[in-house]
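Chemist: Note that the protein sequences, when read in sequence, are chains A, B, C and D. Heads up: the first sequence begins at 5 in the working numbering, then just goes up one per residue. Heads up: the second sequence begins at 5 in the working numbering, then just goes up one per residue. Heads up: the third sequence begins at 86 in the working numbering, then just goes up one per residue. Heads up: the fourth sequence begins at 86 in the working numbering, then just goes up one per residue. Cβ atoms here follow ideal geometry from the backbone N, Cα and C, with glycine treated the same way. This one's a predicted model, so the numbers in the text were calculated from it and none came from an experiment.
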Amino acid sequence: MIRVTPDAFDPGAEANIFQAASTEAGAMVTFTGLVRSRPDDPISALILECYPALAENELAAIRTAAVARFDLVDAAIIHRYGRLVPGETIMMVVTLAAHRQAAFDGAQFLMDYLKTDAPFWKQEETRSGLRWVEAKSEDDDARARWQR
Amino acid sequence: MIRVTPDAFDPGAEANIFQAASTEAGAMVTFTGLVRSRPDDPISALILECYPALAENELAAIRTAAVARFDLVDAAIIHRYGRLVPGETIMMVVTLAAHRQAAFDGAQFLMDYLKTDAPFWKQEETRSGLRWVEAKSEDDDARARWQR
Amino acid sequence: MKVLYFAWLRERLNRASDEVSPPPEVVTLADLVAWLRARDEALDLAMANPAIFKLSRDARIVSWDTPIDGASEVAILPPMTGG
Amino acid sequence: MKVLYFAWLRERLNRASDEVSPPPEVVTLADLVAWLRARDEALDLAMANPAIFKLSRDARIVSWDTPIDGASEVAILPPMTGG
Numbered sequence: 005m006i007r008v009t010p011d012a013f014d015p016g017a018e019a020n021i022f023q024a025a026s027t028e029a030g031a032m033v034t035f036t037g038l039v040r041s042r043p044d045d046p047i048s049a050l051i052l053e054c055y056p057a058l059a060e061n062e063l064a065a066i067r068t069a070a071v072a073r074f075d076l077v078d079a080a081i082i083h084r085y086g087r088l089v090p091g092e093t094i095m096m097v098v099t100l101a102a103h104r105q106a107a108f109d110g111a112q113f114l115m116d117y118l119k120t121d122a123p124f125w126k127q128e129e130t131r132s133g134l135r136w137v138e139a140k141s142e143d144d145d146a147r148a149r150w151q152r
Numbered sequence: 005m006i007r008v009t010p011d012a013f014d015p016g017a018e019a020n021i022f023q024a025a026s027t028e029a030g031a032m033v034t035f036t037g038l039v040r041s042r043p044d045d046p047i048s049a050l051i052l053e054c055y056p057a058l059a060e061n062e063l064a065a066i067r068t069a070a071v072a073r074f075d076l077v078d079a080a081i082i083h084r085y086g087r088l089v090p091g092e093t094i095m096m097v098v099t100l101a102a103h104r105q106a107a108f109d110g111a112q113f114l115m116d117y118l119k120t121d122a123p124f125w126k127q128e129e130t131r132s133g134l135r136w137v138e139a140k141s142e143d144d145d146a147r148a149r150w151q152r
Numbered sequence: 086m087k088v089l090y091f092a093w094l095r096e097r098l099n100r101a102s103d104e105v106s107p108p109p110e111v112v113t114l115a116d117l118v119a120w121l122r123a124r125d126e127a128l129d130l131a132m133a134n135p136a137i138f139k140l141s142r143d144a145r146i147v148s149w150d151t152p153i154d155g156a157s158e159v160a161i162l163p164p165m166t167g168g
Numbered sequence: 086m087k088v089l090y091f092a093w094l095r096e097r098l099n100r101a102s103d104e105v106s107p108p109p110e111v112v113t114l115a116d117l118v119a120w121l122r123a124r125d126e127a128l129d130l131a132m133a134n135p136a137i138f139k140l141s142r143d144a145r146i147v148s149w150d151t152p153i154d155g156a157s158e159v160a161i162l163p164p165m166t167g168g
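1. Taking the DSSP output, what are the residues bridged to Y90/D?
2. Ignoring anything shorter than 3 residues or poking outside the stretch 92–137 of chain D, list the beta strand (DSSP E) runs there in chain order.
3. Do we get a CB-CB distance below 7 Å when we pair A146/B with the residues of chain D?
4. M165/C versus chain A: which residues are under 8 Å apart at the beta carbon?
5. So which residues on chain C does G162/A lean against when the C-beta distance must stay under 9 Å?
6. Within its chain, find whatever has a CB closer than 7 Å to the CB of I66/A; leave out the 5 residues flanking it on each side and keep chain order.
7. What alpha helix (DSSP H) runs, 4 residues minimum, are completely inside the stretch 13–71 of chain B?
8. In terms of residues, what are the limits of the alpha helix (DSSP H) holding E138/B?
9. Looking at C-beta atoms only, is the number of pairs between the stretch 137–157 of chain C and the stretch 77–96 of chain B that lie closer than 8 Å three or more?
10. Considering A80/A, what are the terminal residues of the beta strand (DSSP E) in which it resides?
11. Leaving out five residues before and five after S102/D in sequence, what residues of the same chain have Cβ atoms less than 7 Å from its Cβ?
12. From the DSSP output, in three-state form, read off Q151/B for me.
13. Please confirm whether A17/B and G16/A have their CB atoms less than 7 Å apart.
14. Smallest Cα separation from C54/B: which of L121/D, A127/D, V105/D, I161/D?
15. Going by DSSP in three states, T120/B sits in which element: helix, strand or coil?
16. For Q112/B, is the classification buried or exposed, using 16 other Cβ atoms within 10 angstroms of its Cβ as the cut-off for buried?
17. Could you tell me how far apart the beta carbons of V112/D and S141/D are, in whole angstroms, since I believe they sit closer than 8 Å?
18. For my contact list, G30/B and G37/A are in at a C-beta cut-off of 8 Å; report their separation, rounded to the angstrom.
19. Taking 7 Å as the CB-CB limit, is E53/A close to chain C?
20. On a CA-only basis, which of T151/C, N99/C, S106/C is nearest A115/C? Give me that one, please.
21. Going by DSSP, which residues form a beta bridge with Q112/A?
22. Anyone know if the C-beta pair for I47/B and E128/B falls short of 7 Å?
23. Compute the Euclidean distance between the alpha carbons of T34/B and T99/B, then round it to the nearest angstrom.
24. By Cβ distance, which residues of its chain are closer than 7 Å to A156/C, with the 5 residues on each side in sequence left out?
25. Which residues, in order along the stretch 105–116 of chain A, keep a beta-carbon less than 8 Å from a beta-carbon of chain B?
26. Going by alpha carbons, who is nearest to A107/A out of S41/A, D11/A, D78/A?
27. Determine whether the Cβ of L88/A lies closer than 7 Å to any Cβ atom of chain C.
28. Determine the direct distance from the alpha carbon of A148/A to that of S41/A, and round the result to whole angstroms.
29. When DSSP labels each residue in this structure, what does R73/A get in the three-state scheme?
30. Going by CA-CA distance only, name the one from L76/B, W136/B, R7/B that's closest to L50/B.
31. By the criterion of Cβ-Cβ separation under 7 Å, what are the contact partners of W93/C in chain A?
32. Which residues mark the beginning and the end of the beta strand (DSSP E) in which A156/D is found?
33. With a threshold of 7 Å between beta-carbons, can R7/A be considered close to chain B, or not?
34. If we call anything under 7 Å between Cβ atoms a contact, is E60/A one with V8/A?
35. Which of helix, strand or coil does DSSP assign to R87/B?
36. Since I81/A and I6/A are thought to touch, with beta carbons under 8 Å apart, how far apart are those beta carbons, to the nearest angstrom?
Structure follows, in structure tokens:
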């Protein structure tokens with residue numbers, strides 16, 4: 005399941021629904037990305053720009069690749085866009101597998117590809133205005149570790 | 005938070021409560037272990053034996069080590085014992101961190117130590133009786149990768 | 086053909102898209118980018134480091150040497166920061 | 086001192102614990118295990134491969150060479166299969 009949406013979602017409820025749909029899995033891993041405001045550099049909001057048609061296609065492709073590569077029972081990605089305040093959930097990935105290592109590896113693979121290939125762009129809203137979040141070269145490195 | 009209990013729990017609700025308690029984290033990872041029944045080798049239940057006093061002490065020690073080593077904002081472990089049927093949640097770990105790699109590494113570290121050092125023993129209930137689940141040497145290997 | 090711009094590239098250009106009709110010698114997406122940059126100084130400057138951009142054709146990320154091949158929508162994508 | 090047995094070790098011995106009073110020459114947990122095995126053939130057989138067992142003293146896992154040191158509860162733990 006892939007969902008690209010401006011609407012808030014309940015990560016715990018989504019994970020439970022996902023888990024209940026399968027009896028073949030022994031392990032589930034979730035990753036949840038949260039809007040973070042640090043006391044030394046507070047932000048009032050995170051604004052995510054998105055190219056929805058491309059996001060849906062790329063996330064579906066990443067999901068299919070992860071399921072095949074790690075023999076996952078299932079995998080899902082939910083990603084929001086729009087204006088989010090600190091503490092809100094930006095996105096989540098969930099993987100279900102027979103055993104724990106595949107569930108962990110699948111979730112990390114999804115995150116590493118999503119960081120570099122999913123068309124979302126973050127802006128931080130601060131007292132002095134908006135600033136674009138810079139892409140990290142370590143995200144390219146994280147993605148590269150899966151290339152054979 | 006460490007909880008060793010015979011009672012069922014709601015993993016999604018636990019994760020949401022855990023997430024809401026912190027505004028400093030940008031990443032949350034959960035691992036959930038589920039009772040699995042395969043069509044080719046079905047089980048009617050999993051029976052977990054436990055030494056609760058030791059389990060609480062060891063899980064608390066593992067949690068403290070993970071928080072320090074990966075600079076986690078927080079970590080929690082919930083582990084059930086008693087008789088569980090397929091689809092039920094056996095246990096979960098949750099980690100909160102500033103960034104995703106620490107949250108993933110912390111959760112994997114918790115799982116790898118828990119597998120070899122937390123005093124739980126599984127029995128599978130099948131049509132032909134009860135059988136002890138054998139420890140896997142790969143669990144020792146997984147734990148060893150964290151030893152410096 | 087529609088060309089889309091996102092994030093700080095969109096801001097630098099002060100528009101989210103262009104409607105263009107490239108000449109027949111523009112065969113690949115790389116050709117298209119070169120042709121667009123030659124027509125638009127703001128885009129040329131914003132793409133001074135072209136290696137950081139990815140390109141999509143009809144809502145799929147593709148390599149720069151991919152033929153345009155009748156695409157109806159091409160996007161120029163600054164480094165992504167989702168997740 | 087109470088000695089606890091778990092899982093298949095408990096089953097093989099047909100009991101979950103023993104109440105014992107080891108003599109003063111039993112100093113470490115390894116000494117205790119040797120002393121228990123010498124008194125009990127079933128335990129001796131069940132622990133034929135001693136390296137697979139962990140030991141706890143007063144509800145903390147400790148190494149085999151740890152002194153007993155007035156412990157009130159020692160447990161012999163077959164390989165664990167939680168998670």
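Modeler: Walking through what the data contain:
1. Per DSSP, I161/D.
2. Runs found: 102–104.
3. No, A146/B does not count as interfacial toward chain D.
4. What M165/C touches in chain A: K119, T120, D121, A122, P123, F124, W125, A139.
5. Outside the modelled stretch of chain A, which goes from 5 to 152, sits residue 162/A, for which no answer is possible.
6. Excluding residues within five positions, the ones whose Cβ falls inside 7 Å are L114, Y117, L118, D121.
7. Within the stretch 13–71 of chain B, the complete alpha helix (DSSP H) runs of at least 4 residues are 15–24.
8. For E138/B, there is no enclosing alpha helix (DSSP H), as DSSP marks it with neither H nor E.
9. Taking 8 Å as the limit for Cβ pairs, the verdict is that the stretch 77–96 of chain B does not touch the stretch 137–157 of chain C.
10. Per DSSP, A80/A belongs to the beta strand (DSSP E) from 78–84.
11. Cβ neighbours of S102/D within its own chain (closer than 7 Å, five residues either side excluded): K87, V88, L89, Y90.
12. It is coil, neither helix nor strand.
13. Yes.
14. Closest option to C54/B, Cα to Cα, is I161/D.
15. Three-state DSSP puts T120/B in a helix.
16. Here Q112/B is buried: its Cβ has 16 or more other Cβ atoms, across all protein chains shown, within 10 Å.
17. Contact between V112/D and S141/D is ruled out by a C-beta separation of about 17 Å, above the 8 Å threshold.
18. With a contact defined as Cβ atoms closer than 8 Å, G30/B and G37/A qualify at about 7 Å.
19. Interface residue, yes.
20. Nearest of T151/C, N99/C, S106/C to A115/C, Cα basis: T151/C.
21. Looking at the DSSP assignment, Q112/A forms no beta bridge with any residue, so it has no partner.
22. Cβ distance < 7 Å, so I47/B and E128/B count as in contact.
23. Rounded to whole angstroms, T34/B to T99/B spans 7 Å at the Cα level.
24. So the qualifying residues of the chain are M86, R142, D143.
25. Those would be Q105, A107, F108, A111, Q112, M115, in chain order.
26. Across the set S41/A, D11/A, D78/A, the C-alpha of D78/A shows the shortest separation from the C-alpha of A107/A.
27. False, the Cβ-Cβ gap to chain C never drops below 7 Å.
28. If you take the alpha carbons of S41/A and A148/A, they lie about 29 Å apart.
29. In the structure shown, R73/A sits in a helix (DSSP, three-state: H, G or I).
30. For the residues L76/B, W136/B, R7/B, the minimum Cα distance to L50/B belongs to W136/B.
31. In chain order: W136.
32. For A156/D, there is no enclosing beta strand (DSSP E), as DSSP marks it with neither H nor E.
33. Chain B, which has no Cβ nearer than 7 Å to the Cβ of R7/A, makes this no.
34. Yes, these two residues count as a Cβ contact at 7 Å.
35. In the three-state reduction of the DSSP assignment, R87/B falls in the strand class, which pools E and B.
36. Taking a contact as a CB-CB distance under 8 Å, the pair I81/A and I6/A counts as one, their CB atoms being some 5 Å apart.
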